[in-house]
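Trainee: Take this structure first; my questions come after.
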Amino acid sequence: MGRILQKKDDDESDFLFENLDKGQVIQEKRAFNESPVHPRKCSLVISQFLYLLSRGDSFTKTEATDIFFAATKLFQSKDIPLRRLMYLLLKELSTISQDAIIVISSLTKDMSHKIELYRANAIRILCKITDSSILPQIERYFKQSIVEKDPHVSSAALVSSIHLLKVCPEIVKRWANEVQEAISNKSNMVQYHALALLHRIKQHDRLAVSKLVSNLIKNSLRSPYAQSYLIRCCVEVIEETNTEDRIFREYIESCLRSKNEMLAYEAARSICTFKNVSNKEINSAVGVLQNFLNSTKPTLRFAAVRTLNKLAQTNPTAVIPCNLDMENLITDTNRSIATLAITTLLKVGNESNVERLIKQIANFLGDINDEFKIVVVDAITSLSQKFPKKYKHLIIFLNKILRDEGTLQLKQATLDAILTVVNNIPESKEIALTELCDYIEDCDFPDLSVQILHLIGQEGPLTSSPAQYMRYIYNRVLLDGGIIRAAAVTSIAKFGLLYEPMKEKVVILLQRCLLDEDDEVRDRATLYLKLFKENDTRYLNKVLMDDVPVPLNNLQKSLEAYLHQGDFSEPFDIASVSTVAETYQSPLLGDGKSPFSTGASKKGDSVTGTPKASNTATEESSGPESFVSKLSQIPQFSTFGKLLKSSEYIELTETETEYVVNCVKHIYREHIVFQFNCTNTLNEQQLSNVSVKMVPSDVKLLKYECSIPIDVLPYGEPQQCYVAIRYNPVNGYPLCSLSNNLKFKVKEVDPSTGELDEPGYDDQYSLERMEIVPKDFLNRAFVGNFSEDWKKMSEDTQLVQTFSLVGVKSIDEAVKQIIKTLGMAPAEKSEVVAPKSVKHILYLTGKSLNNQLIYVRARMKLDQSQTNTDVELTVKSDDESLNDFVISAFVEK
Amino acid sequence: MSSFLYTVTSFFILDSSKGDRVIAKYYNNDFDTLQKQKSFEKKVFDKTSKVNFGGEITLLDNYLVVYKSFSNIIIYMVGDQNQNEIALLYVLNSFIDTLQILFENSQINKKLILDGINYTLLTLDEIIDGGIIMENDSVVIADRVGIKAPDNDDLDESINKAVTSVKEQLFNFLK
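In structure tokens, the structure reads:
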């Protein structure tokens, strides 16, 4: 077989074909026209074409047609290897080339050729180029070939017919008798192909299929492929007809004993999908899989463990016999197998063996890399929900990972997992704290130390013996860097606040920190000390215990703006800071992961609300607080008074359209300014005189005031246009919806020269509708103690409303939705929902634009169908109409 | 249910140094542009080429990927996620076994695959037709690919030459 197209034996890097150029090869097709034909030369050219095709080069219709027709010249060659290559080239090009039917006569001639290879390949091309108009004329060749003894020809004809079934099903169905005959062909593959075709021909006739299948079961097919296919047919029959006939199940079970691994596996995995399966059946199936688990072939182990993993969901007890074998797979060199083994084991794990399992996993921890350890950590975390009583082992296990060598990413994931366990299982708090205290003694990651100190400060004082933690914390003050010392000082102060008996000691410790070299440490110590001395518990509470209620970036910007404006007659009000982050991110919600996600390590998250499209403009427009100064510079708005509230960004287009527009609503006492941030994403256009035409659904509520268009909006530079409206607050807030149209003049730009095509034309672009909603007129507010305040508020003015959040399937989702709809601040950490809970109470506080406090209590519960959430909303404030207004965010009045 | 028949959704050989495509063949329209194909191949390569990953099989984006590494290439056989893993492995084995026969047990590497591209692609064509397994016996496949036949080309030429030279001699003789 030395006819590999072998050329010089150059060095490794110099491959014959790698730098092949399409144009050059197309030239070489002239070799096909030479007479006599040079098989060697032509074979090389064909190989080159085939290589280009498989490499991914594309041929135009003309090119393909040219090559196709040139190649048809080769029908005259008698060189069999060349003919074989020619058939492949014609087959590959037949779908790109035009008029490929031209070769039908040559191909049909080949159909009567004595060489089988010609017949087999000719029919494979024929099936690609015929359609229902031609097929009847060449139908006999198909019928003939199907019943051929030669397996090459018969298989080719049968497989081609399977393809043709999609094109002209009616004709192919007429060949059923021939196909039936082919099933008894000696060749295994022909048997398989014939069965597949016959089944497909009868597919829509259930009775016929079931008859065919039961006949073939008795027929004892030899081909493992045919038998595997038949198993699928049996499963289909069982599922569709719910037949009582045992013959189908018995057949599948009998295949379990096959020596062919593919077939035995097909039988086993089919049995695993049965809905009502007998113990005997499932045990023998699992037995086969168990053997595979110990195979030397990775694919067999993978197949088995993957099937068991699925089975564990529906029938965990059936999987248990394999537990030992799967434990061995935890260290499998193939990571997919190891992962499946672990997750399967954890699925079937029960209270009694979970401990041993954890130990088992702990043993091999040293052998696996960090990325995979994170998978393990996640799996362990989910165990904590299943077996809360095993928290001790889980915490110790997680702590071991924390202490071992590892990347920050792994450690953060592990710490997050520990925090999840602590949050879910209160009993685990003490052991977790003790372990973590030990850990920070030699923790190399300041980020983690800070988070842990925060946790100890938060939870430590509430444990049975808070004093034990103080030594660990104070050690940090003595031994660590500035940022950790600052966190430690805060942590110490929390003990003083939350655990009265330690207050004096805390004061002494704080005093020692007054001379710290780090400004932050000194400042914190000084502040806490002063508050302790004044015994201002309320303020201490606020400083120490409340999470910063706004995205930190926004807070920073607001503070900077406050300092910049130079007017300090009014104190800075944190409620004026925007919570622009669209999806409200509680520091404790943060995807259920780290309660510290607003901290330095994940700073990026806190600005996720910034729209993608205006990323280029992030600098100027990232938070409404920067709007204050910007808006006040616009003379038309100067008489509107103080800006009371700015909304989050509302996208009015998809982010990938020609023009990208989003809007921010600025609320004043009697006006609303709509700020439209527009981006032109077409580099061949320049827009001018860009404005938005707004039409309110209720014209009586608001009056048009003015509009400020964008003079010129070039490609890629976001700019703002404004529309201002007036409303009368005496008549209530103007809740309505607005339709929006972007109007502008387009001038085409030549992107290469930048030349403008004057004069341009007017055009418009419709934008999404926008609503004015109650949230626009509500601000977040923060109160020290919600429940006390709630009790103090009279029940006479309260308003209670029940409604259902349709399609909200989890409490967590409901909580997020309510917070988002009202734009108020959650109190008492009530935004934290225990996993899988079916009811919950959420407390929110907010205030109206004229600073009236509003308290909201939302009791919610999943309804019986588990698809909706029922909510009872109670609103308390001093103003009944305000209560109404808040409720109207959910219920149409 | 019918997916058993369409065993293979795609096949490709990637260079094991950077993951560049050597050759590829897709049997359905899951990846209908070259760009989609290549980004899938890159994903597969990134996952399977890691030394510490362990070999032969994995699941990626709803596809079963069975593969085998050689000195400078990796050969992949990809199937639907519900496919019978072992069936897919058998196809891959048939392909490799056939190449071993055709290349007379030479070490499979990029050079061999490319220099013998006609054999490589014909083998594939004889094993898989539109995703359906045509044949799995490597001896049969090798026979269908590498038809032994007299080298007509050279034979014709030499006869022609002989005839010509005879003619010439005859002509000379007659002169």
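In the order they appear, the protein sequences are chains A and B.
To convert, note that position 458 of the first sequence is 458 in full-length UniProt numbering; the numbers rise steadily by one, no gaps.
To convert, note that position 8 of the second sequence is 8 in full-length UniProt numbering; the numbers rise steadily by one, no gaps.
The beta-carbon is built from N, C-alpha and C at its ideal position, and this holds for glycine as well.
Can you find the residues in the same chain that come closer than 7 angstroms, C-beta to C-beta, to A:Val-723, ignoring five residues on each side of it along the sequence?
Mentor: Here the set comprises Phe-674, Val-692, Met-694, Ser-707.
Trainee: I need the straight-line Cα distance from A:Pro-774 to A:Glu-371, nearest angstrom please.
Mentor: For A:Pro-774 and A:Glu-371, the distance between alpha carbons rounds to 46 angstroms.
Trainee: Taking Cβ-Cβ distances below 7 angstroms as the criterion, which residues of the stretch 59-91 of chain B are in contact with chain C?
Mentor: This model lacks chain C altogether, as its protein chains are A and B.
Trainee: Give me whichever residues DSSP pairs with A:Tyr-727 in a beta bridge.
Mentor: According to DSSP, which records beta bridges pairwise, A:Tyr-727 is partnered with A:Leu-702.
Trainee: Taking 9 angstroms as the threshold (beta carbon to beta carbon), is A:Thr-333 in contact with chain B?
Mentor: For A:Thr-333, the answer is yes, since a Cβ of chain B falls inside 9 angstroms of its Cβ.
Trainee: I want to see whether chain B comes within less than 9 angstroms of A:Met-111, judged by CB atoms only; does it?
Mentor: So, not an interface residue.
Trainee: As a quick exercise: from A:Val-746, A:Phe-777, A:Arg-769, pick the residue whose alpha carbon is nearest that of A:Asp-762.
Mentor: The option with the nearest alpha carbon to A:Asp-762 is A:Val-746.
Trainee: Exposed or buried, A:Thr-610, counting other C-beta atoms within 10 Å across all chains shown (16 or more means buried)?
Mentor: Any reading at A:Thr-610 must be qualified, since the residue scores a pLDDT of 34, below 50, and its modelled position is unreliable; the value itself is stated next. By the neighbour-count rule (16 or more Cβ atoms within 10 Å), A:Thr-610 is buried.
Trainee: Could you tell me the alpha carbon to alpha carbon distance between A:Glu-170 and A:Ala-31, rounded to whole angstroms?
Mentor: Taking the straight line joining both Cα atoms gives about 42 angstroms.
Trainee: State yes or no: is the C-beta of A:Arg-124 within less than 9 angstroms of the C-beta of A:Ser-154?
Mentor: For A:Arg-124 and A:Ser-154, no; Cβs fall outside 9 angstroms.
Trainee: Where do the ends of the alpha helix (DSSP H) carrying A:Val-660 lie?
Mentor: Taken as a continuous stretch (DSSP letters only), A:Val-660 belongs to no alpha helix (DSSP H), being part of the beta strand (DSSP E) at 659-667.
Trainee: For the beta strand (DSSP E) that contains A:Gly-457, what are its first and last residues?
Mentor: From DSSP, A:Gly-457 is part of no beta strand (DSSP E) but of the alpha helix (DSSP H) over 446-459.
Trainee: Please classify B:Ile-113 as buried or exposed, where buried requires at least 16 neighbouring CB atoms within 10 angstroms.
Mentor: Buried, by the Cβ-count rule.
Trainee: So, helix, strand or coil for A:Val-577, using DSSP?
Mentor: Of the three classes helix, strand and coil, the one that applies to A:Val-577 here is coil, per DSSP.
Trainee: At 7 angstroms on the CB atoms, spell out the chain B contacts of A:Glu-459, in chain order.
Mentor: Result: empty, since nearest Cβ-Cβ is about 38 angstroms, beyond 7 angstroms.
Trainee: Secondary structure at A:Lys-166, three-state DSSP: helix, strand or coil?
Mentor: The answer is coil: DSSP assigns A:Lys-166 none of H, G, I, E or B.
Trainee: Decide if residue 894 of chain A is buried, meaning its Cβ has at least 16 other Cβ atoms within 10 Å, or exposed.
Mentor: Given a span of 1 to 893 for chain A in the structure shown, any question on residue 894 of chain A remains unanswerable.
Trainee: In chain order, what residues of the same chain lie with their CB nearer than 8 angstroms to the CB of A:Leu-230, ignoring the 5 residues before and after it?
Mentor: For A:Leu-230, where only same-chain residues beyond five positions count, the Cβ hits under 8 angstroms are Leu-195, Val-213, Leu-216, Ile-217, Leu-221, Tyr-251.
Trainee: According to DSSP, A:Phe-885 sits in a beta bridge with which residue or residues?
Mentor: Bridge partners of A:Phe-885: none, in fact.
Trainee: Pairs of beta-carbons, one from the stretch 525-543 of chain A and one from the stretch 498-514 of chain A, closer than 8 angstroms: are there three or more?
Mentor: In short, these stretches touch, since the Cβ pair count reaches three.
Trainee: Any idea what DSSP makes of A:Tyr-649, helix, strand or coil?
Mentor: The answer is coil: DSSP assigns A:Tyr-649 none of H, G, I, E or B.
Trainee: What residue does the beta strand (DSSP E) around B:Val-65 start on, and which one ends it?
Mentor: First-last of the beta strand (DSSP E) with B:Val-65: 63-69.
Trainee: Closest Cβ-Cβ distance between B:Gly-130 and chain A: below 9 angstroms?
Mentor: B:Gly-130 counts as touching chain A.
Trainee: Report buried or exposed for A:Lys-390, applying the criterion of at least 16 other Cβ atoms within 10 angstroms of its Cβ.
Mentor: Label assigned to A:Lys-390: buried.
Trainee: Could you please give me the residues that DSSP links to B:Gly-79 through a beta bridge?
Mentor: According to DSSP, which records beta bridges pairwise, B:Gly-79 is partnered with B:Leu-64.
Trainee: Identify the contact partners of A:Ala-176 in chain B, using a Cβ-Cβ distance below 9 angstroms as the criterion.
Mentor: Near A:Ala-176 there are no residues of chain B at all, since even the closest Cβ is about 17 angstroms away, more than 9 angstroms.
Trainee: Just checking my contact of A:Ile-811 with A:Ser-837 at CB under 8 angstroms: how many whole Å lie between their CB atoms?
Mentor: About 5 angstroms; that satisfies the 8 angstroms criterion.
Trainee: Quick one: what does DSSP say A:Cys-721 is sitting in, helix, strand or coil?
Mentor: Strand.
Trainee: So the alpha helix (DSSP H) A:Lys-494 belongs to, where does it begin and stop?
Mentor: Start and end: 482-498.
Trainee: Can you confirm whether the stretch 35-48 of chain B touches the stretch 117-125 of chain B when touching is taken to mean that 3 or more C-beta pairs between the two stretches lie within less than 8 angstroms?
Mentor: Verdict: no, contact absent.
Trainee: Any idea what DSSP makes of A:Met-770, helix, strand or coil?
Mentor: Looking at A:Met-770 - three-state DSSP - the assignment turns out to be strand.
Trainee: Does any residue of chain B have a CB that is nearer than 9 angstroms to the CB of A:Arg-55?
Mentor: So, interface residue.
Trainee: Three-state secondary structure (DSSP) at A:Gly-287?
Mentor: If DSSP states are grouped into helix, strand and coil, A:Gly-287 belongs with the helices.
Trainee: Are any of the Cβ atoms in chain A nearer than 9 angstroms to that of residue 176 of chain B?
Mentor: No statement about residue 176 of chain B is possible, as the shown extent of chain B runs from 1 to 175 and does not include it.
Trainee: Looking at the strands, I want to know which residues DSSP matches up with A:Tyr-715.
Mentor: A:Tyr-715 is bridged to A:Asn-680.
Trainee: Should A:His-163 and A:Lys-128 be called a contact, given that it needs their Cβ atoms to be closer than 9 angstroms?
Mentor: Contact: yes.
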